[in-house]
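As structure tokens, the structure follows; a few thoughts come after it.
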Amino acid sequence: MRRYMLEFRGRWLAAVMLVAGAMLLPGHAAAADAYKTQTGSPAGTYKIDPVHSLAQFWIGHLGVSELPGRFDKISGSFTFDPAHPENSKVSVEIPVKSLDTNYARRNKDLRGPDFFNARQFPMMKFVSTKVIMGDDNEMRLVGQLTLHGVTRPVTFNLRHVGAGPDPWGNYRSGYIASAIIRRSHFGMNYMLGGISDQVKIQLNIEGKRQ
Amino acid sequence: MRLSPFLWTILWQAALLPFAVTLFLGWAGRPGRAAWGAVALTVGFSSAYALLYTQHAFPPVQALDWLALSLPVVLLLFVLRDRASAAGPRAWLWPLVAVSASLLLLLWPILKAAEERFLFEAVLAGLIWWGLWCYLERKSGDGTVAMLALTVVACANAAISAATGSVLTGQLSGALAAAAAGWLLWHLNAPGMARAVVAVAMLVLGSLVVIGRFYADTAILPILISLAGFAAVPLFPWIAARVRHRMVALCVAAAVMLIPTGIAVLLALRQYAATPSEY
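The listed protein sequences derive, respectively, from chains Y and A.
Number 4 in our numbering belongs to position 4 of the first sequence; there are no gaps in the numbering.
For our numbering, count along the second sequence from 1 and bump the result up by 1000.
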């Protein structure tokens, strides 16, 4: 009798595990399947989704560290045409006031006349002039960056992260653009002795096809 | 405490250099000559301005760019005015024109995006600036005390601006205080002060206060309280009448000036400490 009970328990446990496995596995596989790098052609015009996009920067401090900062608000649009990259274009606008370096006093300094002068130059803007296709998903994005009232050419390394439909029926495409600029080229020369001239910038952009 | 080369550079640029240049020019020129004092003050401040403010643009783009132009223009006009000794019933007109033009040039870039209270604050700032300028011109008979008050107020503005607004305008205000102190050393026993000296000092101080307030949101209450330091100027004859030595009277006047300016700096530091330092 005892042996029969043990056998029954073992079978019951195995059955439960089987059912649970059967329930979990397709879900897991579906989730993995949904995270695709690309489905369909990403060609089209996109509006930047500010909720899933961010501009970040890293700046050297006293030669000992690289401090990160970010701009929480970003807007704009981009058009991507893989067949005719010369028709691709990007336009991004970032309000300087949305700057955040995780330290309120420093944020105030940076927004003030010592650095960004956000009162006078409230917006940063990048408008592309050329997209150069590279290997795989790597590209070069050439354009004019307007910062602190100065417009200068800047070339971003551009990586296409992926594209595909979202669960709500929209089509999305995402990119990461990175570049190194010199703040002195944009007339931001204050405290070059303690804060580096070179600034790494990175734009993580996700767009919804229009 | 040993200062790092970085802090030495800041101290040198914002205080030692303008002080040394003004002092040297005061020695090289003739302290008795009215115009020379204004030139020494201008060059002393400009030496620091050139090193600290390294974003110059011509034609001017940012508010601080204008100082490179307005300072020599005001110096020239007010030296000529001193030579013509254009005192009299319309003495107030010159400072009024200078303040109006400066205010317009400094605030023009942000006029379009101005908030509702902007105009009110700008007019108020202009009136206070003009009023103090005229007041110091009238008190230029004893320029030592007037310049002492200006030095103390500029020092206070340096601390207030650095703590609650812009570090750069704070440093420039410190440079003005240092240059004014250099001028003072040559004029401790020469009471007269040219109107051109008042013009240069007031143009710089007023411009820095306006830029700090309108571009960097420098706290307004400490600024207004610090300006009460000028109230010690008319008290000086009363103090001098009770104290035998002029130097002692000047020290007492300086102590009186330190009361409102000290309160203003403490308020600014309190506000600085109250700003959340992290999230």
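From the three backbone atoms N, C-alpha and C, an ideal C-beta is built for every residue, glycine too.
Within chain A, partners of P82 of chain Y - CB distance below 9 Å: Within chain A, no residue comes near P82 of chain Y; the closest Cβ sits about 40 Å away, beyond 9 Å.
Touch test, the region 196 to 203 of chain Y against the region 1003 to 1015 of chain A, Cβ-Cβ under 8 Å, three pairs minimum: Contact check between the region 196 to 203 of chain Y and the region 1003 to 1015 of chain A: fewer than three CB pairs, one atom from each, fall below 8 Å, which does not count as touching.
Coil, strand or helix - V92 of chain Y by DSSP: Strand.
Chain A within 8 Å of Y175 of chain Y, Cβ atoms only: No, Y175 of chain Y lies away from the interface with chain A (no Cβ there is under 8 Å from its Cβ).
Neighbouring residues, chain A, relative to G149 of chain Y (Cβ below 8 Å): Taking a Cβ-Cβ threshold of 8 Å, the residues of chain A close to G149 of chain Y are V1061, Q1062, in chain order.
Closer than 8 Å to chain Y by CB, P1018 of chain A: So no, P1018 of chain A is outside the interface.
Contact with chain A by D197 of chain Y, beta-carbon distance below 8 Å: Not closer than 8 Å to any Cβ of chain A, the Cβ of D197 of chain Y fails to qualify, so no.
Within-8 Å CB hit, R70 of chain Y to chain A: In terms of beta-carbon proximity, R70 of chain Y stays away from the interface with chain A, with every pair separated by 8 Å or more.
Reference R106 of chain Y; option with closest CA among Y:Y175, Y:L54, Y:H61: Out of Y:Y175, Y:L54, Y:H61, Y:H61 has the C-alpha closest to the C-alpha of R106 of chain Y.
Spatial neighbours of Q1271 of chain A in its chain, beta-carbon cut-off 8 Å, leaving aside the 5 residues before and after: Excluding sequence neighbours, Q1271 of chain A sits near A1163, T1164, A1219, P1222.
Beta-carbon proximity of G1229 of chain A to A1156 of chain A, cut-off 8 Å: Contact: yes.
A177 of chain Y to M191 of chain Y span [Cα, whole Å]: Cα to Cα, the separation comes out at about 27 Å.
DSSP-derived helix/strand/coil call for L1064 of chain A: Reduced to three states, the DSSP call for L1064 of chain A is helix.
Distance between Q1171 of chain A and V1265 of chain A (C-alpha atoms, nearest Å): If I take the Cα positions, the gap works out to 15 Å.
Extent of the continuous alpha helix (DSSP H) to which L1267 of chain A belongs: L1267 of chain A -> alpha helix (DSSP H) spans 1246 to 1274.
Interface residues of chain A facing P95 of chain Y [CB-CB closer than 7 Å]: None at all; the shortest Cβ gap to chain A is about 12 Å.
Coil, strand or helix - M133 of chain Y by DSSP: It is a strand residue.
CB contact flag (Q144 of chain Y, T155 of chain Y, <8 Å): Result no, Cβ atoms of Q144 of chain Y and T155 of chain Y do not sit closer than 8 Å.
Closer than 7 Å at the beta carbon, the chain Y residues around P1109 of chain A: Around P1109 of chain A, the beta-carbon contacts reaching into chain Y at under 7 Å are Q120.
For T151 of chain Y, three-class secondary structure by DSSP: In the structure shown, the three-state DSSP call for T151 of chain Y is strand.
Residues that V1167 of chain A contacts on chain Y, provided the C-beta gap is smaller than 9 Å: For V1167 of chain A, the chain Y residues whose C-beta falls within less than 9 Å of its own C-beta are D109, G112, D114, Y190, M191, listed in chain order.
Residues near Q1055 of chain A by beta carbon distance below 8 Å, same chain, minus five either side: Q1062, L1064, D1065, listed in sequence order.
Whole-angstrom C-beta distance between L1041 of chain A and W1183 of chain A, which should lie under 8 Å: Going by Cβ atoms, the distance from W1183 of chain A to L1041 of chain A rounds to 5 Å, so yes, they are a contact pair.
N- and C-terminal bounds of the alpha helix (DSSP H) containing F1119 of chain A: Looking at the sequence provided, one finds Leu at residue 1119 of chain A rather than Phe. Looking at the DSSP string, the run of the alpha helix (DSSP H) that includes L1119 of chain A is 1118 to 1138.
Chain A contact for G76 of chain Y (CB, 8 Å cutoff): It does not: the Cβ of G76 of chain Y has no partner Cβ on chain A nearer than 8 Å.
Sheet register partners of I201 of chain Y (DSSP bridge): Answer is Y:F57, Y:A179, bridged to I201 of chain Y.
Residues near F57 of chain Y in its chain [Cβ-Cβ closer than 6 Å; skip 5 each side]: Closer than 6 Å at Cβ, skipping near neighbours: G69, V199, I201.
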